[in-house]
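In terms of our numbering, the sequence shown opens at residue 20 and continues consecutively.
Ideal placement from N, C-alpha and C gives every residue a C-beta, glycine not left out.
Being a predicted model, the structure only gives us computed values, none of them experimental.
Input: a single structure, listed below in structure tokens.
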Amino acid sequence: MKKRTLIILVALVAVFGMAVGGTIAWLTDQTEPITNTFTVGNINIELEETATDFKMVPGVTIAKDPKITVKSGSEACYLFVKVEKSANLDDFINYTMATGWTALTGADGVYYRVVNATTSDTTFSVLADDQVTCNDTVTKAMMDALTEATYPTLTFTAYAVQQSGSASAAEAWAKVTTTP
């Protein structure tokens with residue numbers, strides 16, 4: 020009798036095991052896989068100018084046309100231009116930044132603008148009317164005192180930092196100045 024009870028018990032466990040096993044298999048499901056592809060975003064800029072050597076004449080306007088182009092396919096970015104001038108430039112030359120540039124607080128000579136993602140090349144003038152003016156207060160004696168080492172200079176460097184990941188122009192500029 021014990022043997023018979025054991026056989027019945029084993030049979031019941033087997034039936035129960037198949038019922039539970041069948042239920043578990045019957046209650047499963049699976050989705051199709053979803054593949055995430057991470058492409059490369061990029062920013063490409065160019066800084067160009069038609070001429071870089073100029074003759075000063077007091078009171079005369081000089082064509083000077085530095086331009087920054089954000090190339091087609093670039094991501095939305097903060098576009099910066101750093102304007103560095105020699106210590107004596109203001110004695111000889113004056114200029115105005117082109118419309119759309121904002122001086123970056125706390126960064127002397129750094130200006131920025133916000134540029135949306137672009138599907139075509141977009142060019143921005145750096146100087147108003149693409150010109151500078153030689154001060155009319157410049158004298159022959161001032162010019163005669165200049166040497167090649169003391170000629171006034173105006174230097175432009177362009178930078179771009181993607182907008183995504185930067186809450187402000189100052190935060191984006193910090194990425195430029197801390198990147199090795």
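- For Phe111, the enclosing alpha helix (DSSP H) starts and ends at Leu108 to Phe111.
- The C-alpha of Asp163 is placed about 17 Å away from the C-alpha of Gly78.
- Ranked by Cα distance from Ser183, the options Ile53, Cys96 and Thr152 are led by Cys96.
- The beta strand (DSSP E) runs of length 3 or more contained entirely in the region 124-175 are, from start to end of the chain, 129-134, 141-144 and 150-153.
- The beta-bridge partner set that DSSP reports for Lys104 consists of Leu173.
- Straight-line spacing of the CA atoms in Met161 and Ala188 works out to 39 Å.
- The residue among Cys153, Leu46, Ala177 and Ile87 with its C-alpha nearest the C-alpha of Asp109 is Cys153.
- As computed with DSSP, Ala179 is found in a beta bridge with Leu98.
- Under DSSP, Met75 shares a beta bridge with no residue.
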